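Notes to accompany the following structure.
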Amino acid sequence: MAKEVTTKEENYSLWYNNLVIKADLAENSAVRGCMVIKPYGYAIWEKMQAALDKMFKDTGHVNAYFPLFIPKSFLSKEAEHVEGFAKECAVVTHHRLMNSPDGKGVVVDPSAKLEEELVVRPTSETIIWNTYKNWITSYRDLPILCNQWANVVRWEMRTRLFLRTAEFLWQEGHTAHATRQEAVEETERMVNVYARFAREWMALPVLVGSKTASERFAGAIDTRCIEAMMQDGKALQAGTSHFLGQNFAKAFEVQFAGKDGKLDYVWATSWGVSTRLIGALIMAHSDNNGLVLPPKLAPIQVVMVPIFKGEEELAMMREHLSKIKVELEAKGISVKIDDRDNLRSGFKFAEWELKGVPVRIAVGPRDMQNGTLEIARRDTLEKQTIAVEGIATHVEELLNAIQDNIYGKALAFRDTHMYKVDSYEEFKTRIEEGGFFLCHWDGTPETEALIKEETKATIRCILTDETPEPGKCMVTGQPSAQRVVFARSY
RNA sequence: CGGGGUGUAGCGCAGUUGGCUAGCGCGCCACGUUCGGGACGUGGAGGCCGUGUGUUCGAGUCACAUCACCCCGACCA
C-alpha cells in the first residue's frame with residue numbers, strides 16, 4: 001500500500017487518488033483499470049447528466065442507444081480513426097465457455113470462436129454511421145441530432161480513477177447534416193454548451209479552442225475543446241466537439257439526395273464529455289480538508305448536525321431540524337440530517353468537509369434557547385451564528401455565493417498561472433512550475449513535437465475568442481499568426 | 001510496455017538471521033461515562049500473511065513464477 005498522503009503539496013497525484021477514495025467517490029475494482037463508482041460519486045454524475053441532458057434537449061437533440069459491440073471491420077473503414085484507436089481496443093473473440101477438461105472451472109470453448117471479432121466500443125462513430133446509412137436517403141431526413149449515454153472501453157496502459165479508466169461513462173453526440181456550414185455550426189454550438197456547463201455548473205473556468213492537427217480526434221477535420229487548469233498547473237481536456245467533415249459518410253457510404261436531386265455525402269459532428277469531469281471537479285476545487293463541491297452539483301447541499309446529550313435532546317433536535325429541512329426543501333435545496341448517535345459532532349464536521357458538502361448547519365441546546373443556528377460554508381470554512389428565522393432564504397443566497405466564489409477562485413488561480421512567454425529558454429524553465437503558457441508557434445507539427453519532446457508540454461488549444469496577435473515562433477523564429485496555449489497535461 | 005515500490009483483519013501498518021499460539025493502532029460489536037471541532041474506559045468479534053510452485057523437519061519470513069495495486073515515464077479523454 002502506498003504511504004498515506006494528505007496534502008496536495010506532497011504529491012498531487014497521490015493526494016487526488018486518496019481524496020477520491022476517502023471521500024467515498026470511487027475505488028479500484030477487481031477488474032484491471034476499471035473503477036467502481038460509489039453511490040456518492042455516482043450522484044455527482046447523475047447531477048451532471050441531468051444538467052447536460054437538458055442542455056442537449058434545449059439545443060434540439062434527442063437520446064438514442066447503439067450497440068456495445070462493433071464488428072472489427074466497421075472500425076477499420078475510416079483509416080485515421082482505426083489508426084487512432086487500434087492500440088487500445090478490447091476484443092471479443094468467443095461467445096461460449098465450457099467446463100475445463102481437468103475439472104477445474106471453465107475455459108473458453110474453442111468451437112465457439114466468432115467468425116468476426118467484436119470490438120468493445122472505444123467510441124461509437126463507426127457503429128452509428130453504419131446505422132445512419134439506413135436512416136438517410138434524402139435531405140428531408142436531415143439533420144439527425146442524436147446523443148447517447150453509454151460506457152466505452154479504452155485499454156489504457158496506465159489508469160487513474162475518473163481521469164483515465166479502462167471503462168468510463170460518457171455521452172457522445174453524433175449528428176448528421178446536409179451542409180458543411182451546418183455541421184461546423186453544430187460543432188461550435190456544442191463546444192460552447194460544454195464551456196457553459198463547465199463554468200455555470202462545475203464552477204470551472206475553461207479555455208475554448210481548437211486542437212492542432214496532431215492532437216486532433218482520429219478521423220476529425222477539426223477538434224474543438226475545452227481545457228481546464230488543475231491546481232497543480234496542469235491542463236485537463238474536459239470536453240471535445242469534432243467536425244468530422246464527410247470522412248465517416250464516405251467511409252460508410254452515407255449519401256443523400258438534395259433538393260436538386262444530386263447525391264452528396266452527409267456532413268458529421270461528434271462531441272462528448274465523460275466521468276473525467278468528476279476528476280476535473282475534484283482537482284480544480286478541493287483543498288487539504290477534502291472535496292469542495294460546487295452547490296449546483298453537490299448531491300447534498302446542506303448537512304445538518306445536531307449537538308445533543310441523551311435521547312431526549314436528540315428527539316427534540318430531530319423535530320427542530322426536520323422543520324428547517326422542510327423549509328429548505330421547499331426551495332429545492334437538498335438536505336441531510338446527520339442524526340447518528342454514535343459519533344461526536346466534531347467527527348461529523350470533518351467527515352462532511354471531506355465529502356465537500358457546501359453548507360453545514362449545526363444546532364445545539366444553546367441555539368435552541370436563542371433561536372439561532374451555526375452555519376458554516378465549505379469553500380471558506382467560515383462559521384457564523386444566525387437566527388433561524390429566514391434561514392431558507394439565507395441558505396439559498398449562501399449557496400449561490402459559494403457557487404460564485406468557487407468559480408471566482410478557480411478563475412483567479414488560472415489567470416495568475418497564465419503567462420505570455422516569448423523566449424524558449426524561459427519557457428523551458430518555467431514550464432516546470434506548471435501553468436498555461438501563451439506562446440508563438442510556427443504552426444508546424446515538427447516544432448510542436450520538438451517542444452513536447454524537450455518539455456513534455458503540448459499545445460492544449462489554439463484560442464478562438466482572442467484577437468490574434470502575430471509574432472515569431474519561440475523556437476524557430478518563423479512567423480506566427482497568434483499565440484497558442486502550451487501546458488503539461490493529464 | 002520500461003523504471004521504482006507495495007500486497008499481513010474493513011482501513012493504516014509492525015513482524016528481527018526461517019522456529020512452534022501472527023501482532024499494534026483505527027474502525028466494528030456490547031456495556032458504562034461523555035457529547036459546541038476527529039472522546040474515553042472495560043470486555044469482545046474479526047486472518048487460506050495476494051495466488052501458485054518449490055526449498056526445508058518447519059515458510060508471513062527464502063527462491064521462482066504469477067496476479068493486482070500505487071508512483072515516475074511512454075500512450076491517451
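Under the working numbering, the residue at position 363 of the first sequence is numbered 363, and the numbers go up by one with no gaps. Heads up, the beta-carbon is just placed ideally off N, CA and C, and yes, glycines get one too. Predicted model, so just to flag it, every value in this text is computed and none were measured.
In the structure shown, Q384 falls within a strand segment according to DSSP collapsed to helix, strand and coil. The count of Cβ pairs closer than 8 Å, one atom from the stretch 236–254 and one from the stretch 182–201, reaches three, so the stretches are in contact. DSSP places A457 in the coil class of the three-state scheme, outside both helix and strand. Between V305 and D338, the beta carbon gap of about 5 Å places them in contact (Cβ cut-off 8 Å). For H174, the enclosing beta strand (DSSP E) begins and ends at E167 to H177. A distance below 8 Å between beta-carbons, with the five flanking residues on each side excluded, links L281 to the following residues of its chain, in chain order: I44, M202, L204, L293, P294 and L297. Taking M55 as the centre and dropping the five residues before and after it, the same chain places the C-beta of V193 and F197 closer than 7 Å to its C-beta, in chain order. The straight-line gap separating the alpha-carbon atoms of L161 and F69 is approximately 24 Å. Within the stretch 390–417, the runs of alpha helix (DSSP H) at least 4 residues long that lie entirely inside it are, in chain order, 391–416. By the C-beta density criterion, S270 is buried, having at least 16 other C-beta atoms within 10 angstroms. The criterion of a C-beta distance shorter than 8 Å is satisfied by Q246 and V266. Looking only at V326, I402 and N370, the smallest Cα-Cα distance to V359 is reached by I402. Non-local C-beta neighbours of F252 in its own chain, meaning closer than 6 Å and more than five positions away in sequence, comprise W129, N130 and K133, ordered along the chain. Assignment of D141 by DSSP, reduced to helix, strand and coil, places it in the helix class. Shortest Cα-Cα distance from E200 to any of G408, T444 and A235 involves G408. When DSSP states are grouped into helix, strand and coil, S124 belongs to the coil group.
C-alpha of S76 to C-alpha of V82: approximately 5 Å in a straight line.
Inter-segment contact for the stretch 380–391 and the stretch 173–184 is absent: fewer than three beta-carbon pairs are separated by less than 8 Å. Each residue's CA atom was taken as its position, placing E125 and Y12 some 35 Å apart. When the beta-carbon positions are compared, A176 and I226 stay at least 8 Å from each other. Straight across, the Cα-Cα distance linking L19 with T123 is about 29 Å. Where A235 is concerned, there is no enclosing alpha helix (DSSP H), although the beta strand (DSSP E) around it starts and stops at A235 to G245. The continuous alpha helix (DSSP H) containing L354 extends over residues S345 to L354. One alpha carbon belongs to K348, the other to M368, and they sit about 20 Å apart. Between the C-alpha atoms of Q301 and A150 there is a straight-line separation of about 27 Å.
Here V485 is not near L314, since their CB atoms are 8 Å or more apart.
Under the three-state reduction of DSSP output, V82 falls in the helix class.
Taking a 10 Å sphere around the C-beta of N370, we find fewer than 16 other C-beta atoms and assign the residue as exposed.
Using a Cβ distance threshold of 8 Å, G356 and L277 do not count as a contacting pair. Apart from sequence neighbours up to five positions away, the residues of its chain that approach L450 with a beta-carbon distance below 7 Å are V475, ordered along the chain. Distance from the CA of K323 to the CA of L398, rounded to the nearest whole angstrom, comes to 19 Å.
The C-alpha of Y42 is placed about 35 Å away from the C-alpha of L114.
G290 sits in a strand when the DSSP states are folded into three classes. The beta-carbon separation of L354 and K22, rounded to 6 Å, stays under the 8 Å limit for a contact.
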